[in-house]
Amino acid sequence: MTLEAKPEPQTTPQQQTAPETAPVAPVDPAADKAALRAFKPRRMVAASVAALVLIGIGFVAAVEIISTLVNRPVGWLPKAPALSWASATPWSSPRVLAAASVLVLVGLGLLALAMKAGRPHLVPVRTGDPDLIIGLQPKGFAAALARAAEDVPGVHSAKASVGGGRVAVTAYASGWNDARLTEAVRHAVLARLGTIGPINPYRVSVTMKERR
1 MTLEAKPEPQ
11 TTPQQQTAPE
21 TAPVAPVDPA
31 ADKAALRAFK
41 PRRMVAASVA
51 ALVLIGIGFV
61 AAVEIISTLV
71 NRPVGWLPKA
81 PALSWASATP
91 WSSPRVLAAA
101 SVLVLVGLGL
111 LALAMKAGRP
121 HLVPVRTGDP
131 DLIIGLQPKG
141 FAAALARAAE
151 DVPGVHSAKA
161 SVGGGRVAVT
171 AYASGWNDAR
181 LTEAVRHAVL
191 ARLGTIGPIN
201 PYRVSVTMKE
211 RR
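Per UniProt numbering, the very first residue in the sequence shown carries number 1; after that it's consecutive.
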């Protein structure tokens, strides 16, 4: 008697099991740097004010110099009193030192303002491709994390805020004093962060409140 082997049923793409987690973009330092550079906050107000002040000083100085060279000084600046004061005032004068100190402090303040990181307008996310740069609105980013907290069984509603490398989640539930529920909310938010893949790290803090 001959036994025939039955062919194994082939699974179609619709029958294949879907992945439990969404794919995460690979870490690419070049892509991360490109995204951070693209969404780096600009100090537009401070730069505009400094540029306008320097342009104004340069314009007045140029007009004074050119008008003096053609023997038709406009007289916008009191040159004679200024020259008389400068020739009679030594460098060690308290007024000269005070004025120099003020200028140095202003310059250092502008440098510190330019070097200090401002508040970004978008949250850069990891794509793994230097030519593909994606940023999320902070409001939408926080809303996605709040929805992750709301997906935890026992949580009725939640809200999240993002700022300073920190995610603050407030979840409302019955029996909020259960430490396991707090940890479940935290793990859910961390999992959603891993799925979204922001380039900058975020610390997650969870505050549970009793549902009213």
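All C-beta atoms, glycine included, are put in the ideal place defined by N, C-alpha and C.
All values derive from a computational prediction rather than experimental measurement.
When burial is assigned at 16 or more other CB atoms within 10 Å of the CB, is residue i buried or exposed?
i, result
"residue 196", "buried"
"residue 108", "exposed"
"residue 124", "buried"
"residue 198", "buried"
"residue 68", "exposed"
"residue 30", "exposed"
"residue 145", "buried"
"residue 181", "buried"
"residue 89", "exposed"
"residue 37", "exposed"
"residue 32", "buried"
"residue 179", "exposed"
"residue 12", "Low confidence applies here, because residue 12 scores a pLDDT of 39, under 50, leaving its location unreliable and the question unanswered by this model."
"residue 126", "buried"
"residue 72", "exposed"
"residue 95", "exposed"
"residue 155", "buried"
"residue 115", "exposed"
"residue 162", "buried"
"residue 98", "exposed"
Taking the alpha-carbon of residue i as reference, which of the options has the nearest alpha-carbon?
i, options, result
"residue 189", "166, 209, 178 and 210", "166"
"residue 204", "186, 211 and 192", "186"
"residue 140", "200, 160 and 154", "160"
"residue 40", "71, 102 and 121", "121"
"residue 138", "81, 202 and 96", "202"
"residue 112", "128, 184, 208 and 46", "46"
"residue 158", "164, 200 and 206", "206"
"residue 78", "60, 193 and 114", "60"
Three-state secondary structure (DSSP) at residue i?
i, result
"residue 40", "coil"
"residue 122", "coil"
"residue 56", "helix"
"residue 152", "coil"
"residue 107", "helix"
"residue 161", "strand"
"residue 33", "helix"
Would you list the residues sitting across from residue i in a DSSP beta bridge?
i, result
"residue 135", "124"
"residue 198", "125"
"residue 251", "Residue 251 is absent from the structure shown; the chain starts at 1 and stops at 212."
TODO: Count the C-beta pairs between the stretch 167 to 182 and the stretch 137 to 153 that are closer than 8 Å, then say yes if the count reaches three, no if not.
DONE: Between the stretch 167 to 182 and the stretch 137 to 153 there are three or more C-beta pairs closer than 8 Å, enough to call the two in contact.
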